[in-house]
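**Student:** Everything in the sequence shown is counted per our numbering, starting at 200 for the first residue and increasing by one. Don't be surprised by glycine CBs; every beta carbon is placed ideally from N, CA and C. I have a structure here, written as structure tokens, and I will follow up with some questions on it.
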Amino acid sequence: MLERWAGAAQPRLARDVFGITAVLDEQGSLRRALTDPAHSDDQRVALAWRVFEGRTSREACEVLDALVRQRWSGDRGLADGLEAAGVTLAGHAAENRAGAEGLDNVVDDLLSVQGLLDSDAELQRAFTDARATDDAKLTLLGRVAPNLSEEARVLVEQAVTNPRGALPQRLLGTFADRLAELRDRWIARVSTPVALDDSQVERLRSALGRIYGRDLKVVVDTDRSLVGGLRVTVGDEVFDGSVATRLNELQLKLGA
């Protein structure tokens, strides 16, 4: 659906689409009117243009136009679709700038910030504090992650200023998964009690690739709480081969 804008996508377009998403999140009556099946496609589209034309870019209005013409199971579906479109457009912008490598770098940036938040409870609290202004959060982001690509910055800013009910770090993981899918890749998140060297990571990547039948991007996290083995998460699937998990399972069986 977004192919029309993919070839010329720039970070600004993703930011504009996120801006429309924020408006729909705030205005339930508008959201419901734009998804009301009792109104024709043309009526809903006309309303969308009346509200947003002149307030954002024409390209962002065109993206909204295309999504409003679709049928959604609930009124929040439209806003969810816009958020997903913004992520995809940011990915296309990275590809337009630097090809596949540019897209991979954005995924790396998102995973890096996700890891930073996962490992720092104080930082998590700062970004989720309801009393903190968006400007304060963006200033903090500039200090803790100053070298993000422009496309990654648009996505991280969205995650920390408008997480839409999700934890920012979880949303960053979702964004990274969506961008990886643009290259027909999945992300395998591996937790292990000891650091792996490059050759071990490559063997693991090859083995998981054979299991899933596609190339995977492997992200390794050292988790000292694991007694041994490793835990692998690919999408919604979790393979837990840690010794601690096997001991817990054995204890449950003995207790039964």
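1) Which runs of the alpha helix (DSSP H) fall wholly inside the segment 275-341 and span at least 4 residues, in chain order?
2) How should S424 be labelled, buried or exposed, when 16 other C-beta atoms within 10 angstroms of its C-beta is the threshold for buried?
3) Throw me the rounded Cβ distance for the L378 and V305 pair, which I believe falls under 8 Å.
4) Are there three or more Cβ pairs, one per stretch, closer than 8 Å when the segment 346-358 is compared with the segment 282-300?
5) In angstroms, rounded to a whole number, what distance separates the CA positions of S256 and S441?
6) Would you mind sorting Q269 into buried or exposed? The rule is 16 or more other CB atoms within 10 Å of its CB.
7) Which residues does DSSP pair with D420 in a beta bridge?
8) Could you compute how far the alpha carbon of V437 sits from the alpha carbon of W248?
9) Using only CA atoms, which one of V312, V389 and R402 lies nearest to E356?
10) Is it right to say E294 is buried, meaning 16 or more other beta carbons lie within 10 angstroms of its own, or is it exposed?
11) Would the segment 269-285 and the segment 222-236 be scored as touching if the rule is three or more Cβ pairs under 8 Å?
12) By the DSSP assignment, the alpha helix (DSSP H) with R214 in it spans what residues?
13) Would you mind working out which of E401, G227 and N361 sits nearest D334, comparing C-alpha positions?
14) Is it a yes or a no for the segment 400-411 touching the segment 327-346, going by three-plus beta-carbon pairs under 8 Å?
15) If you compare alpha carbons, which of T327, D264, H238 and G372 is closest to V250?
16) Given that a residue counts as buried once 16 or more other Cβ atoms are within 10 Å of its Cβ, and exposed if not, what is A358?
17) Can you say whether G285 is buried or exposed, counting buried as having 16 or more other CB atoms within 10 angstroms of its CB?
18) Do you know how far the Cα of R382 is from the Cα of A207?
19) Taking 8 Å as the threshold (C-beta atoms), are Q368 and L150 in contact?
**Tutor:** To lay it out plainly:
1) With a minimum length of 4 residues, the continuous alpha helix (DSSP H) runs that stay inside the segment 275-341 are 320-327.
2) By the 16-neighbour rule on beta-carbons within 10 angstroms, S424 is exposed.
3) That pair is a contact at about 6 Å.
4) Yes, the segment 346-358 touches the segment 282-300.
5) Near 50 Å, if we compare the C-alpha coordinates of S441 and S256.
6) Classification of Q269: exposed, given that the 10 Å Cβ count is below 16.
7) Looking at the DSSP assignment, D420 forms a beta bridge with S390.
8) If I take the Cα positions, the gap works out to 44 Å.
9) Looking at the Cα atoms, V312 is the closest of the given residues.
10) Looking at its Cβ environment, which holds 16 or more other Cβ atoms inside 10 Å, E294 is buried.
11) Taking a cut-off of 8 Å for Cβ pairs, the segment 269-285 and the segment 222-236 touch, as three or more such pairs fall below it.
12) In this chain, the alpha helix (DSSP H) harbouring R214 covers P210 to E225.
13) The residue with the shortest Cα to Cα distance from D334 is N361.
14) As far as the Cβ criterion goes, the segment 400-411 does not touch the segment 327-346, which means the pair count is below three.
15) Scanning T327, D264, H238 and G372 for the CA closest to the CA of V250 turns up D264.
16) The residue in question, A358, is buried, as its Cβ has 16 or more Cβ neighbours within 10 Å.
17) With a 10 Å radius around the Cβ and a threshold of 16 neighbouring Cβ atoms, G285 comes out buried.
18) Roughly 18 Å between the two C-alpha positions.
19) With the chain covering 200 to 455 only, the question about residue 150 has no answer from this structure.
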